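Taking it in order: structure first as structure tokens, then the write-up.
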Amino acid sequence: MVELNLNHIYKKYPNTTHYAVEDFDLDIKDKEFIVFVGPSGCGKSTTLRMIAGLEDISEGELKIDGEVVNDKSPKDRDIAMVFQNYALYPHMTVYDNMAFGLKLRKYKKR
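Quick note: the sequence shown uses the working numbering, first residue 8, plus one each step.
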């Protein structure tokens, strides 16, 4: 497990006048479990996408285990995300879909 720190995180999409995420702070300690709850459009998914590296951070600092990772690619963050819209490969079995990320990282079968 790791610690996660979001310090004054902002997300503003191009050609918009408002922030999707505005001045968000969060500290998650090792082995803590949290849940994001809120209405549609309040920034939950955008925040998770920024943590995973799938969305750029407009302002602020994101740290994983004390290291600033704002500019790290998703594959180098060692974070996984399960999408609500089932981003699965239809030609693969459930097992193959679940194992796909592990194969990309060259984990050995046990």
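Using N, Cα and C, we set each Cβ at its ideal position, and we do this for glycine too.
A quick note: this is a predicted structure, and the numbers were derived from the prediction, not measured.
With 16 or more other CB atoms across the displayed protein chains lying within 10 angstroms of its CB, Thr53 is buried.
Cβ-Cβ separation between Leu111 and Asn104: approximately 12 Å, too far for a contact (criterion under 8 Å). Look at Phe40 here: in three-state DSSP terms it is coil, with no helix or strand label. DSSP lists Phe31 as the bridge partner or partners of Ile16.
Of the residues Leu11, Asp63 and Glu62, the one whose Cα lies closest to the Cα of Glu39 is Leu11. In this structure, Asp83 keeps its C-beta atom at 9 Å or more from the C-beta atom of Val75.
About 4 Å separates the beta carbons of Gly60 and Pro81, which is inside the 8 Å limit, making them a contact pair. In the DSSP assignment, the residues bridged to Val75 are Lys70. DSSP places Lys115 outside any alpha helix (DSSP H), giving it a letter other than H or E.
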